[in-house]
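Number of protein chains: 2
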Amino acid sequence: MSASQTRLTDFLPYLLSITSNAVSDRIADEYRAHFGLKIPEWRVMAVLGDQGAATQRALVEATRMDKVAVNRACRVLEDRGLLARRPNTADGRSHHLALTAPGQDVYRAIMPIALEMEARMFSALSAGERTLFKDLLERIRAQAEATGNQP
Amino acid sequence: MSASQTRLTDFLPYLLSITSNAVSDRIADEYRAHFGLKIPEWRVMAVLGDQGAATQRALVEATRMDKVAVNRACRVLEDRGLLARRPNTADGRSHHLALTAPGQDVYRAIMPIALEMEARMFSALSAGERTLFKDLLERIRAQAEATGNQP
DNA sequence: AGAAACTGGTTCCTCTTGCAACCAAATTGC
DNA sequence: GCAATTTGGTTGCAAGAGGAACCAGTTTCT
Chain A
-7 MSASQTRLTD FLPYLLSITS NAVSDRIADE YRAHFGLKIP EWRVMAVLGD QGAATQRALV
53 EATRMDKVAV NRACRVLEDR GLLARRPNTA DGRSHHLALT APGQDVYRAI MPIALEMEAR
113 MFSALSAGER TLFKDLLERI RAQAEATGNQ P
Chain B
-7 MSASQTRLTD FLPYLLSITS NAVSDRIADE YRAHFGLKIP EWRVMAVLGD QGAATQRALV
53 EATRMDKVAV NRACRVLEDR GLLARRPNTA DGRSHHLALT APGQDVYRAI MPIALEMEAR
113 MFSALSAGER TLFKDLLERI RAQAEATGNQ P
């Protein structure tokens, strides 16, 4: 309803983008410094630590990352011995991926740090505001994705 | 205060990131389809169209983009005749960059589309929610950036 | 005025990211 | 049961982003 808001800094997509970047950069720094993990790798570990074994296909869905990104992250984690592949008897194309014992150790060490970092990052918001913020994000994303799939 | 929220999809930074990506992708498609502009180029045009002439240095501040990104965007716009460089008499290192007449035409054509697109993208939110959302983003970004600069 | 430090802009190089093509296993349809 | 299609995963390539080094012009200090 505002008559003319033509300043770049008033555009929501712009604000959303720079905010997301600021937060991501900050978090990426922490994960790298503490554990030498990149964000895609951390996401895979988070899902496996929480849900147990999964195929790459399942990880793609759970993390909303590209399948290439998932594949690369898994390879790195496997090379570092944090994750192991076991053959999938039900489907010869895929494997069951799961955290190894050292992987679980790292997971348990990371999780409190991740939560603490999130708390610090969003400490400017009250608990109620955080909940509300999540809800708004969810609705925006749903709208954006719905708008997108109309070729 | 929630005892254990260890699901990836409950992490705010994750939600923020995938939402921002969804919105950015959608918008990038539109700008490319309508005007052949990428987001950095659009941002530069938005600032110049709104504020008038500026140096690259000023554009870096206004857009919060890397100076390399600004430089590249300006070069593209200049090659397309949408932007012109005039010598800066006050400082021989930099130039004053401003939209050309065709550049202004494009700017005026883009702006309503940008606003309409933003409205569509955030139509899931009420006016009040949009205002609130902006405010929350602003506070989060300030916090993230403040946390970051402590080496 | 001249040397040293600084700043705006540009280039170069590296790392990351995503798409498209591809391979192999599995499913479907005759 | 075998050809055709689909699907999970992998590889290769090409574009994007950001950092570091670099150049030219400016400021500061003596």
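The listed protein sequences derive, respectively, from chains A and B. Sequential numbering from -7 applies to the first sequence in the numbering used here. Sequential numbering from -7 applies to the second sequence in the numbering used here. Even for Gly, the Cβ is constructed at its ideal location relative to N, Cα and C.
- Beta-bridge partners assigned by DSSP to residue 88 of chain A: A:78.
- The shortest CA-to-CA distance from residue 8 of chain A to any of B:12, B:6, B:5, B:7 is the one to B:12.
- Straight-line spacing of the CA atoms in residue 89 of chain A and residue 132 of chain A works out to 32 Å.
- Cβ proximity to chain A below 8 Å picks out 124, 125, 126, 128, 129, 130, 131, 132, 133, 134, 135, 136, 137 from the region 123 to 138 of chain B.
- Contacts with chain A (Cβ-Cβ distance below 9 Å) from the region 105 to 118 of chain B involve 106, 107, 109, 110, 112, 113, 114, 115, 116, 117, listed in chain order.
- Taking the C-beta atoms as reference points, residue 91 of chain B is found nearer than 8 Å to residue 37 of chain B.
- Exposure of residue 67 of chain B is indicated by the presence of fewer than 16 other C-beta atoms within 10 angstroms of its C-beta.
- Within the same chain, Cβ atoms closer than 8 Å to the Cβ of residue 31 of chain A are found at 16, 19, 20, 23, the five residues on either side in sequence being excluded.
- Under the three-state reduction of DSSP output, residue 45 of chain A falls in the coil class, being neither helix nor strand.
- The Cβ-Cβ distance between residue 59 of chain A and residue 48 of chain A falls below 8 Å.
- Annotated three-state conformation of residue 118 of chain A is coil, per DSSP.
- Within the same chain, Cβ atoms closer than 7 Å to the Cβ of residue 52 of chain B are found at 59, 62, the five residues on either side in sequence being excluded.
- The criterion of a C-beta distance shorter than 8 Å is not satisfied by residue 103 of chain B and residue 139 of chain A.
- For a cut-off of 8 Å, the C-beta gap from residue 110 of chain B to residue 3 of chain A is around 6 Å, short enough to register as a contact.
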